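To start, the structure under review is shown below, and the notes come after it.
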Amino acid sequence: MNLDSKIPEGPLSEKWSSHKFKMKLVNPANRRKYHVIVVGSGLAGGAAAASLAEQGYNVSCFCYQDSPRRAHSIAAQGGINAAKNYQNDGDSVQRLFYDTVKGGDYRAREANVYRLAEVSADIIDQCVAQGVPFAREYGGYLANRSFGGAQVSRTFYARGQTGQQLLLGAYSALSKQIGLGKVKMYNRHEMLDVVKVDGHAKGIIVRNMVSGEVSRHASDCVVMATGGYGNVFFLSTNAQGCNVTAAHRAYKRGAGMANPCYTQIHPTCIPVHGDKQSKLTLMSESLRNDGRVWAPMDKEAAKKIREGKLNPNDVPEEERDYFLERKYPSFGNLAPRDISSRAAKEACDDGRGVATTGLGVFLDFRDAIKRDGKHTIEERYGNLFDMYQCITGDNPYETPMMIFPAVHYTMGGLWVDYNLESTIPGMFVGGEANFSDHGANRLGASALMQGLADGYFVLPYTVGNYLGEQGVAAAGQVTTDHPAFAEVEADVKGRIDKLLTINGTESPRSFHKRLGHIMWEKCGMSRTEAGLKEAIQEIQALRKEFWGNVKVVGDADSINPELERAGRVADFLEFGEILCRDALMREESCGGHFRAEHQTDDGEAMRDDEKYAFVGVWGYEGEDAEPALHKEPLVYENIKLATRSYK
Amino acid sequence: MEKTMNLTLRVWRQKNRLSVGKFETYQLSDISEDSSFLEMLDILSEQLVADGHEPVAFDHDCREGICGMCSMTINGMPHGPEQGTTACQLHMRHFHDGQTITIEPWRAKPFPVLKDLIVDRTPMDKIIQAGGFITGRAGSAVDANAMPIDKQTADYAMDAAACIGCGACVAACPNASAMLFTAAKVSHMNSLPQGKAEKDRRSLAMVTTMDGEGFGGCTNIGECEAACPKGIPLDMIAQLNRDYAVAQVKNFFQPVL
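Top to bottom, those sequences are chains A and B. Positions 1 to 647 (our numbering) are the ones given, in order, by the first sequence. Positions 648 to 904 (our numbering) are the ones given, in order, by the second sequence.
Quick look at the structure:
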């Protein structure tokens with residue numbers, strides 16, 4: 001597997017501009033001869049499809065939802081980072097770069113992160129120009145808030161709906177291009193495989209989720225922006241439809257899967273209520289700007305709260321353990337996500353958890369309301385408070401919120417080089433689907449930044465460069481008549497038929513739940529060698545059981561949610577094993593990956609830079625073979641590796 | 648201590664766009680009051696699958712009340728009886744033991760039923776494609792703070808932009824009008840200084856497309872506002888009417904479309 005990262009020569013701050021200058025250009029009149037497929041319509045996919053169409057390429061964009069406006073980027077609440085330094089508080093490209101690398105626990109590629117920080121400011125300009133209604137101050141200028149893992153205020157926001165507003169911005173740009181006929185939009189279409197011709201990605205096979213028709217689509221290159229794989233845990237904050245199928249299919253066709261064990265467990269989610277639950281709801285991290293996280297010091301008090309015999313408001317100040325403020329005085333409640341999540345788990349493991357299950361801690365706004373007034377807090381977080389009340393029935397203005405960590409984001413993903421091109425030439429990967437920028441832990445408000453950076457400012461250049469290199473004579477030469485398409489299409493159809501004919505006794509959802517249980521218990525917030533080995537065996541057994549006993553009702557020729565789920569669960573069952581293998585291989589703790597064997601005396605993550613300062617990339621070796629590990633060494637030329645401290 | 652309930656569900660079943668649908672009745676027991684409405688439907692689906700039947704097909708995705716995918720009329724009301732809530736954020740504690748719940752798809756001519764509770768809402772996308780954008784090519788933007796926007800205007804634009812495009816307004820309207828949806832986008836963009844250049848074109852093109860897609864006219868009934876899970880106010884329709892009238896007059900003297 002060729003893992004040449006293609007990082008341009010030269011000083012960090014000049015790499016991107018000199019790289020852009022050296023790129024091949026396609027002249028405007030020739031762009032219309034090319035056809036680009038974009039899979040996914042979230043921030044990365046929607047922005048890339050719109051921008052490539054604006055440049056003049058013909059684009060086909062696919063999404064599984066009924067409209068591109070519904071991609072899960074929409075659910076991001078808190079904000080988007082940018083090194084604008086509008087607050088005059090010491091922010092800069094350099095600092096955003098440093099914070100992101102440090103936040104990622106020194107497991108990200110320097111050059112990519114620097115570029116991300118560099119284009120971050122352009123994103124805000126672009127979004128404002130599109131009419132994204134960011135929060136403003138009375139003077140008319142943009143407002144900022146601070147976010148976890150940073151000591152400057154660099155987060156731009158639109159109430160608690162920043163993801164929605166940014167996505168609607170990209171969607172409006174995309175819609176314009178659809179209206180102009182430059183983008184052909186395929187709603188309710190699911191990508192089921194990628195087609196390679198002479199080693200290059202030249203098309204995809206999709207299923208129309210309404211008619212059931214399986215069809216071929218050829219192009220000059222493929223951009224995948226298909227999101228993360230958090231739903232391998234069954235319960236997560238991801239949307240119900242989020243899945244790993246597109247990425248996993250690409251992996252099986254030769255794309256490297258990088259760092260799958262880097263999964264982010266978000267500290268502020270609403271605790272689980274029962275075994276029929278379908279998803280976990282995130283409360284924005286921005287709440288930690290004003291809310292104070294605590295658990296009772298006394299186990300007895302915690303027990304009484306769980307049983308409903310003690311009102312948390314009656315716990316006196318000196319009996320509250322504000323554990324983040326205690327453990328991390330300089331970052332306090334704004335400690336990064338991985339660290340905050342583990343601290344909450346620690347309190348609950350200690351028997352001091354609240355919520356009926358004992359799996360919860362408080363996020364208390366009492367002091368903020370006293371300080372700033374209810375009106376101010378309502379203005380900042382009103383919709384989040386309403387959402388909390390709607391789900392739990394509790395009023396957070398009066399009784400402290402309860403929160404617990406939940407799977408939220410996946411830093412790992414398909415391996416890409418500096419151009420965001422995967423190990424399959426001609427296949428580009430953007431947004432959460434790639435692994436590139438967040439290392440082992442993503443900072444809050446950086447997902448939106450990365451999605452839009454990839455979509456608006458990176459892919460439109462690097463895709464053009466690839467097409468330029470292929471030459472205009474090659475444009476549109478591969479058609480769906482090529483035998484490679486027939487072959488892959490037959491595979492896809494065979495798989496669908498197989499799922500429908502097993503006719504066993506257990507539903508796909510049930511298998512998904514069982515997989516999620518294994519993943520959460522043995523590959524969740526804290527992982528051990530023994531646990532991971534068990535998990536791998538259990539997943540293999542479950543996979544075997546699935547292919548012998550899954551029951552998929554309905555047919556292939558109409559809307560069939562059971563068939564859709566079965567296909568996705570089948571891929572999760574393969575992918576989950578790779579995730580566990582990666583976690584087992586990585587004998588260190590870093591960011592979202594915490595190996596219980598590797599911790600300091602006070603329970604902090606212990607990295608091993610000598611042995612593990614590399615990207616772990618898994619390559620497919622065949623149906624029954626173990627995947628092969630490849631390594632891309634991480635070279636730090638500008639940042640000195642240090643133990644991450646937020647104390 | 649968890650309270651549970653037994654329910655009778657009357658659910659619209661329809662094989663596909665061309666077939667004739669009908670209500671089927673199902674019994675469900677021991678539903679937790681903490682379950683969401685869609686989790687209750689998940690349980691029904693599992694029950695149906697276990698008996699070898701096809702589950703009820705319904706649109707849903709984020710389950711956080713923001714993506715706008717879920718779309719069902721519950722006891723005659725789009726998204727159900729709670730104000731300001733999508734079906735996915737509706738919880739069973741708002742229902743009681745022994746209750747009969749009727750669940751139907753959005754009923755509106757421009758939204759044909761594709762299966763069971765799933766309808767086709769692409770006509771709403773077409774309205775946006777006609778003019779629901781502010782042209783700003785990537786790379787062409789000026790500094791974000793170059794143009795201060797007073798907080799009142801920014802807040803008003805945000806109120807309008809909160810629309811999630813679910814279509815409850817259309818489903819609630821006896822005329823199946825998409826005026827509230829269209830008005831929200833027009834109000835968002837027309838109110839901002841960035842959106843002024845295309846204001847007249849936008850107003851005309853979006854209304855024309857709305858009419859062309861078969862949505863009915865607005866007769867100021869106000870059901871849309873009551874059904875909207877995001878509280879988009881009826882005032883936005885007044886704004887749209889004003890902007891549309893101005894655009895028409897201008898268009899008469901000097902065509903903008």
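For each residue, glycine too, the CB sits at the ideal point set by N, CA and C. Here the structure is a predicted model, which is why all the values come from computation and not from measurement.
- In chain order, Leu695, Val696, Gly699, His700, Glu701, Pro702 make up the part of chain B whose C-beta sits under 9 Å from the C-beta of Val553 (chain A).
- Between Leu685 (chain B) and Arg710 (chain B), the beta carbon gap of about 6 Å places them in contact (Cβ cut-off 8 Å).
- Assignment of beta-bridge partners to Asp364 (chain A) by DSSP yields A:Arg292.
- With the criterion set as a beta carbon lying under 7 Å from some beta carbon of chain B, the members of the segment 268-285 of chain A are His273, Gly274, Lys276, Gln277, Ser278, Lys279, Thr281, in sequence order.
- Using beta-carbon distances, Val128 (chain A) counts as an interface residue toward chain B, with a partner under 7 Å.
- In its chain, beyond the 5 residues on either side, Pro296, Ala301 have a beta carbon closer than 7 Å to the beta carbon of Val315 (chain A).
- Counting only runs of 3 or more residues that sit fully inside the segment 758-798 of chain B, the beta strand (DSSP E) segments are 760-762, in chain order.
- Taking 7 Å as the cut-off, the Cβ atoms of Gly212 (chain A) and Ser589 (chain A) do not count as close.
- DSSP lists A:Leu414 as the bridge partner or partners of Asn434 (chain A).
- In the DSSP assignment, Gln264 (chain A) is bridged to A:Tyr409.
- Met585 (chain A) and Leu459 (chain A) have their C-alpha atoms some 32 Å from each other.
- Note that the segment 785-803 of chain B touches the segment 132-150 of chain A; at least 3 beta-carbon pairs, one per stretch, sit closer than 8 Å.
- The Cβ atoms of Ala830 (chain B) and Met883 (chain B) sit closer than 7 Å to each other.
- Listed in chain order, the non-local C-beta contacts of Gly516 (chain A) below 7 Å within the same chain comprise Phe233, Phe234, Leu235, local neighbours out to five positions each way being set aside.
- At a cut-off of 7 Å between beta carbons, His707 (chain B) contacts chain A.
- Taking 7 Å as the threshold, the shortest C-beta distance from Asp66 (chain A) to chain B falls below it.
- Just measuring C-alpha positions, the residue of A:Phe62, A:Tyr57, A:Ile74 sitting nearest Leu43 (chain A) is A:Ile74.
- As computed with DSSP, Asp193 (chain A) is found in a beta bridge with A:Ile205.
- Chain-ordered, the chain B residues with CB closer than 9 Å to the CB of Ile559 (chain A) read Asn663, Ala704, Leu761, Lys762, Asp763, Ile765.
- Apart from the 5 residues on each side of it in sequence, Val197 (chain A) sits with its Cβ closer than 6 Å to the Cβ of Val478, His482, Ala484 in its chain, given in chain order.
- By the CB criterion at 7 Å, Met739 (chain B) and Ile678 (chain B) fall inside the cutoff.
- In the DSSP assignment, Leu532 (chain A) falls within the unbroken alpha helix (DSSP H) covering 529-549.
- Ranked by Cα distance from Asp790 (chain B), the options A:Lys84, A:Gly10, A:Asp99 are led by A:Lys84.
- Leu641 (chain A) and Asp609 (chain A) do touch by the CB rule: their CB atoms are close to 5 Å apart, below 8 Å.
- Listed along chain A are Arg136, Glu137, Tyr138, Gly140, each with a C-beta nearer than 8 Å to that of Lys798 (chain B).
- In the DSSP assignment, Asn112 (chain A) falls within the unbroken alpha helix (DSSP H) covering 110-129.
- A direct Cα-Cα distance of roughly 49 Å separates Ile765 (chain B) from Lys15 (chain A).
- Ile74, Ala75, Gln77, Ala82, Lys84, Tyr86: these are the residues of the segment 74-91 of chain A whose beta carbon lies less than 9 Å from some beta carbon of chain B, given in chain order.
- Listed along the chain, the chain A residues whose CB falls inside 7 Å of the CB of Asn792 (chain B) are Tyr86, Tyr141, Leu142.
- Residue contact check for Ile748 (chain B) against chain A: no CB pair falls below 7 Å.
- Residue pairing by DSSP places Val696 (chain B) opposite no residue, since no beta bridge is assigned to it.
- The three-state secondary structure of Asn395 (chain A), taken from DSSP, is coil.
- Interface with chain A (7 Å Cβ-Cβ cutoff): Cys816 (chain B) is excluded.
- Here Phe828 (chain B) carries a helix assignment [DSSP, helix/strand/coil].
- In terms of CA proximity to Lys513 (chain A), A:Arg543 leads the group A:Arg543, A:Thr501, A:Asn144.
- In terms of beta-carbon proximity, Ala239 (chain A) lines the interface with chain B, with at least one pair separated by less than 7 Å.
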